[in-house]
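Have a look at the structure below, then the notes.
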């Protein structure tokens with residue numbers, strides 16, 4: 060919970076305030092004094108009577124009641140100070156800048172626990188410890204310098220790292236990005252990124268709140284809360300971009316299935332961000348480039364006009380856009396001819412639209428007007444303009460500002476030569492504009508923004524399954540791999556088609572089961588994990604004699620306890636799997652099956668549960684989608700049935716959270732549907748999410 064005293068404090072105390080502005084306590088006090096805060100500022104310093112001109116108390120007990128406390132003292136002194144402030148001074152908001160807590164050992168962890176318990180008991184809010192502070196439109200509670208000039212139209216930044224928040228703001232200010240607030244959550248002892256997101260969501264005001272949210276996240280401890288509030292903000296008209304660092308595949312090393320080996324924590328983060336409608340970035344420059352795109356009106360299509368007076372950057376931007384799935388369509392016809400007549404000889408309007416190094420602001424205006432009013436196949440306009448070094452170009456930047464304000468299509472200003480036109484660009488930024496210094500970074504970021512889907516519906520339309528039967532199977536199951544009969548019951552209850560099959564533990568039983576199912580058959584050992592590796596799979600068994608011979612051989616393979624016989628079907632091999640994560644719940648993966656899983660690793664992933672339309676959209680993004688559609692005369696896979704089976708698995712593992720890993724590999728797909736021909740389900744009840 061974030062209390063009002065953190066956002067709109069009437070009084071603030073800096074415990075550990077100093078005259079030395081090169082220390083956190085001195086720097087944050089200076090920023091409070093020199094900033095926009097209008098309330099009462101107090102200081103605690105045992106060695107001074109006044110600090111930066113403010114009368115100082117020797118200890119916190121001497122303070123009057125105060126709403127927000129910013130602590131810049133040694134970690135060992137923080138618990139006692141918080142105790143006095145919370146219990147005697149009515150303080151409900153705390154920002155602890157100090158380090159030396161759980162990141163440094165058990166003693167620090169104990170300090171942190173004690174502080175949180177005290178603040179929780181007072182119904183208060185703690186930011187930190189080990190953070191750089193908070194910036195809002197009411198006060199500057201951070202010790203960094205310089206700090207951005209806050210603007211209600213700017214971005215809200217939430218960062219798990221104080222240093223990274225500084226670097227992000229610095230990178231943004233250089234590009235004209237404005238900020239509305241900054242929350243550095245540090246150790247997130249009580250309030251983390253999820254809680255700040257929830258606050259921004261629950262207090263969102265369409266008339267006043269910023270619509271740009273930027274995140275730097277090192278850990279996501281509450282994925283469900285993160286998804287709920289991030290997606291809610293996007294549905295309210297906000298645009299959200301995030302960096303998630305620290306992804307590691309180490310947790311997948313112990314997995315025993317194809318799904319487990321591929322379901323790394325980073326894959327889960329990708330799935331979470333996609334479900335929330337978050338643009339995922341992988342560095343500060345990319346994050347700030349995306350933020351710059353967010354400051355422009357939303358792009359309604361994927362057709363871009365590239366306007367330039369320099370050929371090379373235009374070619375590189377065109378490549379970046381085309382490689383990322385955007386279009387740079389040809390501009391032609393009478394309107395293009397009329398535009399060309401207004402430009403200098405040698406110009407081109409084919410797209411890129413090149414008006415030469417000698418082009419004027421007036422000519423750029425003609426081009427932008429034509430792109431807006433005449434060229435219906437253009438959705439957005441990228442303008443590359445660097446100094447030609449021939450004459451002053453103030454008029455170009457002034458024109459761009461005017462046209463951006465009036466344009467019904469987004470105009471993206473790309474300025475590659477800041478050093479030569481510093482004065483002009485500074486004036487452009489002073490008018491409230493952001494710009495892009497690199498055309499390739501811009502092109503790649505625009506593709507990423509345009510390719511990020513809308514958030515998942517709050518109430519997706521999930522397929523119906525037999526929950527009672529699923530629970531009956533799971534309640535009787537023990538840990539480990541389920542026997543084939545139990546797997547069959549689960550698939551049937553989930554509505555997932557499977558091949559006719561049976562289990563035999565003796566040769567006579569195998570012959571009888573084969574007769575009931577019919578030929579040709581597939582025979583597989585029951586017991587060994589990787590059947591093909593031990594010679595435990597035989598295809599095209601066409602008669603009883605072969606059934607008997609293969610049964611006698613297979614039953615002797617180590618760890619084999621039975622042999623499964625199934626009708627051999629035809630079709631394209633596809634795959635569905637699921638893996639439970641301790642924090643994220645079940646991740647469902649799907650794509651081409653069989654040997655292609657390990658060879659291509661061409662799979663998509665979604666967090667369970669989800670609807671078939673989400674699965675269908677991602678299936679169509681597979682690199683091997685042409686195979687699913689039926690390449691070179693091959694029979695296609697029924698995409699709708701494949702997507703429905705994926706969604707059914709997502710519901711199955713939601714109803715049965717005890718499932719740790721699940722592989723349907725392969726399913727055989729034809730134009731009629733998909734049928735599971737091999738399935739493995741591993742249960743682990745000890746790690747079930749509560």
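In this note's numbering, the protein residues as written are 60 to 749.
Glycine is no exception: its CB is placed at the ideal position from the N, C-alpha and C atoms.
Simplified DSSP state of residue i, which is helix, strand or coil
| i | result |
| --- | --- |
| residue 523 | coil |
| residue 390 | coil |
| residue 474 | coil |
| residue 645 | strand |
| residue 60 | coil |
| residue 136 | helix |
| residue 760 | In the structure as shown, the chain starts at 60 and stops at 749, and residue 760 therefore has no counterpart that could be examined. |
| residue 84 | helix |
| residue 68 | coil |
| residue 319 | In this prediction, residue 319 has a pLDDT of 49, which is less than 50 and means its spatial position is unreliable; nothing more can be read from the coordinates. |
| residue 600 | strand |
| residue 686 | helix |
| residue 679 | coil |
| residue 211 | strand |
| residue 310 | Note on residue 310: pLDDT 39, under 50, position unreliable in the model; the coordinate value appears next. Helix, per DSSP. |
| residue 701 | helix |
| residue 402 | coil |
| residue 694 | coil |
| residue 584 | strand |
Beta-carbon proximity check, residue i vs residue j, cutoff 9 Å
| i | j | result |
| --- | --- | --- |
| residue 379 | residue 502 | yes |
| residue 230 | residue 347 | yes |
| residue 675 | residue 662 | no |
| residue 70 | residue 99 | yes |
| residue 290 | residue 519 | no |
| residue 363 | residue 437 | yes |
| residue 216 | residue 274 | yes |
| residue 415 | residue 408 | no |
| residue 150 | residue 61 | no |
| residue 334 | residue 701 | no |
| residue 236 | residue 214 | yes |
| residue 95 | residue 199 | yes |
| residue 269 | residue 193 | no |
| residue 711 | residue 552 | yes |
| residue 134 | residue 170 | yes |
| residue 51 | residue 78 | Absent from the model: residue 51. The displayed extent of the chain is 60 to 749, so no value can be given. |
| residue 500 | residue 383 | no |
| residue 424 | residue 458 | yes |
| residue 650 | residue 696 | no |
Where residue i falls, given that 16 or more other Cβ within 10 Å makes a residue buried
| i | result |
| --- | --- |
| residue 332 | buried |
| residue 81 | exposed |
| residue 257 | buried |
| residue 512 | exposed |
| residue 303 | buried |
| residue 707 | buried |
| residue 272 | buried |
| residue 533 | buried |
| residue 190 | buried |
| residue 403 | exposed |
| residue 589 | exposed |
| residue 233 | exposed |
| residue 659 | exposed |
| residue 211 | exposed |
| residue 286 | buried |
| residue 101 | buried |
| residue 531 | exposed |
Sheet register partners of residue i (DSSP bridge)
| i | result |
| --- | --- |
| residue 721 | 637 and 740 |
| residue 129 | 73 and 154 |
| residue 114 | 109 |
| residue 78 | None; residue 78 has no bridge partner. |
| residue 340 | 302 |
| residue 661 | BP columns for residue 661 are empty, so no partner. |
| residue 192 | 201 |
| residue 594 | In the DSSP output, where bridge partners are listed per residue, residue 594 has none listed. |
CB-CB length for residue i against residue j, believed under 8 Å
| i | j | result |
| --- | --- | --- |
| residue 178 | residue 202 | With 8 Å as the limit, residue 178 and residue 202 do not qualify as a contact, their Cβ atoms being about 21 Å apart. |
| residue 195 | residue 66 | 6 Å |
| residue 361 | residue 386 | 5 Å |
| residue 623 | residue 543 | 6 Å |
| residue 186 | residue 250 | 6 Å |
| residue 739 | residue 539 | Residue 739 to residue 539, Cβ: 11 Å. No contact. |
| residue 620 | residue 565 | About 12 Å; that fails the 8 Å criterion. |
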